[in-house]
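Chains A and B, in that order, are what the protein sequence lines are.
Counted from 1, the first sequence has number 121 at position 121 by the working numbering; the numbering is strictly sequential.
Counted from 1, the second sequence has number 449 at position 205 by the working numbering; the numbering is strictly sequential.
The beta-carbon is built from N, C-alpha and C at its ideal position, and this holds for glycine as well.
Reading through the structure tokens given below for one structure.
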Amino acid sequence: MAKVIYEGLKFRYKTTLIHRLDPRVKMVLSIALFALALLGSNFYQEAITFVVTTVPAVIAKSLRRLMRVVALSVTFGVFVVVINLVAGGTIVESIVLAVRFLEIVASTSLFFVTTSPDELEYVLRWLRMPRDFVFAFATSIRFVPVLLMDLTQIIDAQRSRGLELDKGGPIKRIRNLIPVLIPLIVNSLVRSGELAEAMESRGYGAVKKPTSMNTLRMTVRDWVALAIVLLGTTALIWLYLYVL
Amino acid sequence: MALIEFEDVSYKMPNDVMALKHVNLKVSRGELVAIVGGNGAGKTTLLKHMNGLLKPASGTVRVDGRLITEFSVAQLSKLVGLVFQNSDHQLFAESVKEEIAFGLRNFGYQPSEVESRVQYAMRRFGLESLSERAPLTLSGGEKKRLCIALVTAWDPVVLALDEPTVGQDHLNKMRLLALVKKFIEERRTVIIVSHDLEFLWPLQPRTVVMAGGRVVADGPAASIFNNFALLESSGLRQPQLARLALALQSSTPFDNVDEAVSWLKQRYGSYHV
Numbered sequence: 001m002a003k004v005i006y007e008g009l010k011f012r013y014k015t016t017l018i019h020r021l022d023p024r025v026k027m028v029l030s031i032a033l034f035a036l037a038l039l040g041s042n043f044y045q046e047a048i049t050f051v052v053t054t055v056p057a058v059i060a061k062s063l064r065r066l067m068r069v070v071a072l073s074v075t076f077g078v079f080v081v082v083i084n085l086v087a088g089g090t091i092v093e094s095i096v097l098a099v100r101f102l103e104i105v106a107s108t109s110l111f112f113v114t115t116s117p118d119e120l121e122y123v124l125r126w127l128r129m130p131r132d133f134v135f136a137f138a139t140s141i142r143f144v145p146v147l148l149m150d151l152t153q154i155i156d157a158q159r160s161r162g163l164e165l166d167k168g169g170p171i172k173r174i175r176n177l178i179p180v181l182i183p184l185i186v187n188s189l190v191r192s193g194e195l196a197e198a199m200e201s202r203g204y205g206a207v208k209k210p211t212s213m214n215t216l217r218m219t220v221r222d223w224v225a226l227a228i229v230l231l232g233t234t235a236l237i238w239l240y241l242y243v244l
Numbered sequence: 245m246a247l248i249e250f251e252d253v254s255y256k257m258p259n260d261v262m263a264l265k266h267v268n269l270k271v272s273r274g275e276l277v278a279i280v281g282g283n284g285a286g287k288t289t290l291l292k293h294m295n296g297l298l299k300p301a302s303g304t305v306r307v308d309g310r311l312i313t314e315f316s317v318a319q320l321s322k323l324v325g326l327v328f329q330n331s332d333h334q335l336f337a338e339s340v341k342e343e344i345a346f347g348l349r350n351f352g353y354q355p356s357e358v359e360s361r362v363q364y365a366m367r368r369f370g371l372e373s374l375s376e377r378a379p380l381t382l383s384g385g386e387k388k389r390l391c392i393a394l395v396t397a398w399d400p401v402v403l404a405l406d407e408p409t410v411g412q413d414h415l416n417k418m419r420l421l422a423l424v425k426k427f428i429e430e431r432r433t434v435i436i437v438s439h440d441l442e443f444l445w446p447l448q449p450r451t452v453v454m455a456g457g458r459v460v461a462d463g464p465a466a467s468i469f470n471n472f473a474l475l476e477s478s479g480l481r482q483p484q485l486a487r488l489a490l491a492l493q494s495s496t497p498f499d500n501v502d503e504a505v506s507w508l509k510q511r512y513g514s515y516h517v
């Protein structure tokens, strides 16, 4: 399941219109969809937001991947419904909450699926986030595939020693994770230590403001897309507040 | 009947790369087989089919006459003990003793037998003085010895070593070599995946050469290792001693430099500068 979620969120290079947008515009798009999901208060509004979310996903040729992640999140959606029903909410309210959760998942996934780790780093720097935080965040995303590869190898190695991760009750299954998690965590810690030494050996921290190979620059296309996103969001908010 | 049999096996990786293409291979009981090839040749993928971690996309793999699809990984691992290349991917227990006991418990051995097998494995592999040490604090050579010990503890029919010499210094390689020779004397079935031909040369194993997911050659070490063109095209480097023997037109391979010098002295007499 973790692999499917990761595959759903992993950036894949494509040359669609959405992929080629400035990452700041993509961030505004995701935030706009996120906000629309939060603002929706009835089923029709949430349904419209859901449909609107699929539009950039289709343009980005990532609808199937997005839907896979959303489908996996349905379990949590059901959990949300149950909790809300227990808390005294109606079935319609509960379903609206669950749909809202799925839209939040979709809008966040859309950003990560269409934005490379490098672009993410540029955006965070543009937001004047502390350099060390930006580096740590971007590096952690870059190392997710490495960790997943490690995890696969570790699971293979422990299965070769008779460990059966899919057998037994819940307590046993959790205990069976120990031989997998310990090597994974230790390897990660060792790797991060080595990376830190390698970075220092390559001058990290030598100057307060290092130069950058790439800078973000908005093109006409980006400005047009930004205008469409902002106008569309404003129109939908008006629709939600005064019409639907 | 072959102990392990690959029949027209192909396997596709998740990234759509064909890691194995129409592989046919038989390993008999008591054989020492080296599977060699450059990076990405499909050696480890082949190995992982033997204990069921991977299942073929087409073709069949049989272990002891039965299809691997009839077994779980745990059941197959009891027959085919696989020592992974990276020791750090396996070690997690609080002590060397516990680490060796882990697999035995998984396979359902009774506590008394677990204890005796653990003690035997530690004695055999010189780990007694390290029994209470945390495995993660051991040196590279000690970790490799531990990984071999913990697999042999349940006495698998086949011992498969994946790149056993990676990261090992010369002394540990010599220790490994001595271990493998002992396994051969005990008539165990041993499969070694490696691109370290210098390490394999003294063992003179049946050698299977892989390249691009295919088996490109299969024969005695002498004929394979002496085929410079085959090795080069498969991304391998001919062992120095094999090259020397070929150049000197020696009919028997040299196991080490001393043998080569003795041969030279016998042939040409001593030479004093």
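Would you identify the three-state DSSP class for H266/B, choosing helix, strand or coil? Stepping through the second sequence from its first residue, residue 266/B is reached at position 22. Of the three classes helix, strand and coil, the one that applies to H266/B here is strand, per DSSP.
Tell me which same chain residues have a C-beta within less than 7 Å of the C-beta of F315/B, skipping the five on either side of it? Counted from its first residue, the second sequence places residue 315/B at position 71. These residues qualify, in order along the chain: G296.
Could you give the uninterrupted runs of the alpha helix (DSSP H) lying entirely in the segment 432-467 of chain B, keeping only those of 4 residues or more? 441-444
For G193/A and chain B, any beta-carbon pair shorter than 9 Å? As a position in the first sequence, residue 193/A is number 193, starting the count at 1. No - not a single Cβ of chain B is within 9 Å of the one on G193/A.
Is the segment 321-337 of chain B touching the segment 285-305 of chain B in the sense that three or more CB pairs, one from each, lie closer than 8 Å? Of all C-beta pairs linking the segment 285-305 of chain B to the segment 321-337 of chain B, three or more are shorter than 8 Å, placing the two stretches in contact.
Report the rounded CA-to-CA distance for T433/B versus L382/B, giving the unit in angstroms. The residue given as residue 433/B occupies position 189 in the second sequence. The residue given as residue 382/B occupies position 138 in the second sequence. Their Cα atoms are separated by approximately 28 Å.
Less than 9 Å separating the beta-carbons of R29/A and A196/A? As a first step, residue 29/A is located in the first sequence; it is residue number 29 there, counting from the start. As a first step, residue 196/A is located in the first sequence; it is residue number 196 there, counting from the start. In the sequence as presented, Arg is not what sits at residue 29/A; that position holds Leu. No, the pair does not count as a contact, with Cβ atoms beyond the cut-off.
Euclidean distance between Cα positions of V517/B and K509/B: Stepping through the second sequence from its first residue, residue 517/B is reached at position 273. Stepping through the second sequence from its first residue, residue 509/B is reached at position 265. Confidence in V517/B is poor, its pLDDT being 45 and thus under 50, which makes the residue's placement unreliable; the coordinate value appears in the next sentence. About 14 Å.
Rounded distance between the beta-carbons of I95/A and F34/A, thought under 8 Å: For the purposes of this step, residue 34/A is identified with residue 34 of the first sequence, where counting begins at 1. For the purposes of this step, residue 95/A is identified with residue 95 of the first sequence, where counting begins at 1. Not a contact, Cβ separation roughly 19 Å.
So, with DSSP's three-state summary, where would you put K417/B? The sequence position of residue 417/B within the second sequence is 173, counting from 1. Three-state DSSP puts K417/B in a helix.
Does W398/B get closer than 9 Å to chain A when you measure Cβ to Cβ? As a working mapping, residue 398/B is identified with position 154 in the second sequence. Interface residue, yes.
Does the beta carbon of L148/A sit closer than 9 Å to a beta carbon anywhere in chain B? Taking the first residue of the first sequence as 1, we reach residue 148/A at position 148. No, no contact with chain B.
Let me confirm a value: A157/A is counted as buried when at least 16 other C-beta atoms fall within 10 Å, else exposed. Which label applies? As a first step, residue 157/A is located in the first sequence; it is residue number 157 there, counting from the start. Classification for A157/A: buried.
For a minimum of 4 consecutive residues, which ranges assigned as the alpha helix (DSSP H) are wholly contained in the segment 50-93 of chain A? Here the runs fully enclosed are 63-86.
Range of the contiguous beta strand (DSSP E) that encloses I279/B: Position 35 of the second sequence, counted from the first residue, corresponds to residue 279/B. Where I279/B is concerned, the enclosing beta strand (DSSP E) stretches over L276 to V280.
Along chain A, which residues have their Cβ under 7 Å away from the Cβ of N295/B? Here the question's residue 295/B lines up with position 51 in the second sequence. Per Cβ cutoff of 7 Å: S160.
Whole-angstrom distance between I31/A and V69/A, CA atom to CA atom: In the first sequence, the residue the question calls residue 69/A occupies position 69. In the first sequence, the residue the question calls residue 31/A occupies position 31. Those two C-alpha atoms are separated by around 18 Å.
So I200/A is in the alpha helix (DSSP H); what residue range does that whole segment cover? The residue given as residue 200/A occupies position 200 in the first sequence. Checking the sequence, you will find Glu at residue 200/A rather than Ile. Per DSSP, E200/A belongs to the alpha helix (DSSP H) from I178 to S201.
Taking any Cβ of chain A, which residues in the segment 339-350 of chain B have a Cβ under 9 Å from it, in chain order? F346, G347, L348, R349 and N350
Out of curiosity, what's the CA-to-CA distance linking Q363/B and E372/B? By one-based count along the second sequence, residue 363/B stands at place 119. By one-based count along the second sequence, residue 372/B stands at place 128. So the two alpha carbons sit approximately 8 Å from each other.
Using a 10 Å radius around the Cβ and a threshold of 16 neighbouring Cβ atoms, would you call P145/A buried or exposed? For this step, residue 145/A is matched to residue 145 along the first sequence. So P145/A counts as exposed.
Using a threshold of 9 Å, state whether the C-beta atoms of G479/B and H414/B are closer than that. Locating residue 479/B in the second sequence gives position 235, counting from the first residue. Locating residue 414/B in the second sequence gives position 170, counting from the first residue. Taking 9 Å as the cut-off, the beta carbon of G479/B is found no closer than this to the beta carbon of H414/B.
Just how far apart, CA to CA, sit P400/B and M257/B? Taking the first residue of the second sequence as 1, we reach residue 400/B at position 156. Taking the first residue of the second sequence as 1, we reach residue 257/B at position 13. One C-alpha to the other measures close to 28 Å.
Minimum C-alpha distance to F427/B - residue among K417/B, V402/B and R450/B: Here residue 427/B refers to the residue found at position 183 when the second sequence is read from its first residue. Out of K417/B, V402/B and R450/B, V402/B has the C-alpha closest to the C-alpha of F427/B.
For V517/B, does the three-state DSSP call read helix, strand or coil? Locating residue 517/B in the second sequence gives position 273, where the first residue counts as 1. Confidence at V517/B is low in this model, with a pLDDT of 45, below 50, so its placement is unreliable and no value can be given for it.
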